[in-house]
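Residue numbers (our numbering): -19 to 374.
Every residue gets a Cβ at the ideal spot worked out from N, C-alpha and C, and that includes glycine.
Values in this document were obtained by computation on a predicted structure and should not be read as measured data.
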């Protein structure tokens, strides 16, 4: 007999905005945009009042302010968001049997098998109330038989609500929704489906799977499964790995500042790319220096949660200045990014502009497809070749 799964998706509503409103209650009820500068920044988060004007995350700030000129623009505070995320994570960690944190404000919980002992929906409701009471943050959740429908249920329950799609009701829940509600369905795929007259998920449920596979390849099969509520993806527990690092041993001892810097740039670039690929952020940066006589020194500093090279690279350069006795040649140099947590790159949007975000996305896509260092900074090119692997010990 097939086991009935009870999967809960939890999402903190307009997380950054909600945290700011805790400290500034006068923002409640007003259109708020959290993000970068009005000239070249992008929207990290926005209130529902701003969304009513068409504003959304990752939109250029200047465009958002044209849509909603009376919005209040706030640069945001990394420390506050990190602390609020840790607070919510701890409550969930202490309360549920199995959970997965997929970003700073989003979680999946697996209650499967627990229905023998208690009402899973009631327990999820109690958890939501506990988070609201102890953190003061609005939170929504959806419960269903799989991760995809649970996430869609959360989106339907927002703002500050909850929904349970009971076993057997999946198709009925999905059918009237627009295909754009399917998580991960891009604009080009949506427009292509529209061209074939497929607008509602119900239309997709009735579409021949072979037709979808012909048009979309393997993704067509995945689309059909999502439309029909089929999702066997597991809850992956929170990773225990707390750091990533790499070292490089020189063939001959080095005392040239430029060589040391370019080595650090190359290693930092690849480590940060790996962080983004694994959906992780670091809040502690360190370098390691080993002199010719094998004497070893490390220097570290706390940083705001990030996976961005334009923040990490100046940091390692500064640590090199602080740690290196420039009269002594270096045998080995290393970089470590630690205090890792799961979280999306979105948390860095406060410093970023839209061009930089597009650059990172393009670099990551090319390097993922063709191999590390297919595209990199000019400084990093001097260290080895495209086959250079910073995760192998030198």
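Distance between residue j and residue i (C-alpha atoms, nearest Å)
i: residue 318; j: residue 189; result: 45 Å
i: residue 195; j: residue 79; result: 36 Å
i: residue 118; j: residue -1; result: 9 Å
i: residue 58; j: residue 176; result: 45 Å
i: residue 54; j: residue 4; result: 11 Å
i: residue 305; j: residue 131; result: 53 Å
i: residue 7; j: residue 255; result: 34 Å
i: residue 296; j: residue 19; result: 29 Å
i: residue 290; j: residue 167; result: 29 Å
i: residue 17; j: residue -6; result: 19 Å
i: residue 124; j: residue 77; result: 17 Å
i: residue 300; j: residue -11; result: 43 Å
i: residue 67; j: residue 84; result: 11 Å
i: residue 298; j: residue 280; result: 10 Å
i: residue 282; j: residue 302; result: 15 Å
i: residue 201; j: residue 193; result: 6 Å
i: residue 262; j: residue 287; result: 6 Å
i: residue -14; j: residue 91; result: 5 Å
i: residue 1; j: residue 170; result: 35 Å
i: residue 12; j: residue 108; result: 24 Å
i: residue 45; j: residue 35; result: 8 Å
i: residue 116; j: residue 294; result: 37 Å
i: residue 148; j: residue 199; result: 25 Å
i: residue 98; j: residue 104; result: 11 Å
i: residue 112; j: residue 74; result: 15 Å
i: residue 47; j: residue 139; result: 21 Å
i: residue 69; j: residue 182; result: 36 Å
i: residue 64; j: residue 10; result: 21 Å
i: residue 257; j: residue 278; result: 27 Å
i: residue 49; j: residue 191; result: 46 Å
i: residue 27; j: residue 307; result: 55 Å
Among the options, nearest to residue i - alpha-carbon criterion
i: residue 274; options: 309, 290, 284 and 241; result: 309
i: residue 224; options: 253, 234 and 235; result: 253
i: residue 394; options: 292, 250 and 313; result: No information on residue 394 is available, as it lies outside the stretch -19 to 374 that the chain covers here.
i: residue 320; options: 197, 89, 199 and 285; result: 285
i: residue 245; options: 228, 276, 258 and 144; result: 228
i: residue 120; options: 126, 110 and 137; result: 137
i: residue 269; options: 258, 257 and 240; result: 240
i: residue 231; options: 272, 214 and 198; result: 272
i: residue 217; options: 87, 47 and 49; result: 87
Close Cβ partners of residue i (< 8 Å) along its chain, the five nearest in sequence each way excluded
i: residue 180; result: 155, 156, 157, 158 and 159
i: residue 94; result: -14, 77, 100 and 103
i: residue 377; result: It is not possible to answer for residue 377, since the shown part of the chain is limited to -19 through 374.
Classification of residue i by the beta-carbon crowding that lies within 10 angstroms, buried from 16 upward
i: residue 82; result: buried
i: residue -9; result: buried
i: residue -16; result: exposed
i: residue 41; result: buried
i: residue 146; result: exposed
i: residue 106; result: exposed
i: residue 89; result: buried
i: residue 134; result: buried
i: residue 203; result: buried
i: residue 214; result: exposed
i: residue 276; result: exposed
i: residue 150; result: buried
i: residue 243; result: buried
i: residue 366; result: Any reading at residue 366 is ruled out, since the residue's pLDDT is 33, under 50, leaving its predicted position unreliable.
Cβ-based neighbour list, residue i, same chain, cut-off 7 Å, excluding 5 preceding and 5 following
i: residue 128; result: 163, 206 and 211
i: residue 178; result: 159, 184 and 187
i: residue 251; result: 224, 226, 315, 317 and 370
i: residue -4; result: 14, 24, 25, 56 and 61
i: residue 292; result: 248, 252, 265 and 286
i: residue 234; result: 240, 309 and 310
i: residue 141; result: 120
i: residue 165; result: 159
Rounded Cβ spacing between residue i and residue j (contact assumed at less than 8 Å)
i: residue 114; j: residue 71; result: 6 Å
i: residue 316; j: residue 266; result: 4 Å
i: residue 322; j: residue 222; result: With a Cβ gap of about 12 Å, residue 322 and residue 222 do not count as contacting.
i: residue 385; j: residue 126; result: What is shown of the chain runs -19 to 374, which leaves residue 385 out entirely.
i: residue 416; j: residue 32; result: With the chain covering -19 to 374 only, the question about residue 416 has no answer from this structure.
i: residue 153; j: residue 101; result: Contact doesn't hold; Cβ gap of about 15 Å is too wide.
Nonlocal neighbours in the same chain, by C-beta distance under 6 Å from residue i, ignoring five residues either side
i: residue 173; result: 159
i: residue 96; result: none
Proximity test, residue i beta-carbon vs the ligand FAD heavy atom, cut-off 7 Å
i: residue 19; result: Looking at this structure, you won't find the ligand FAD or any other ligand, since it has none at all.
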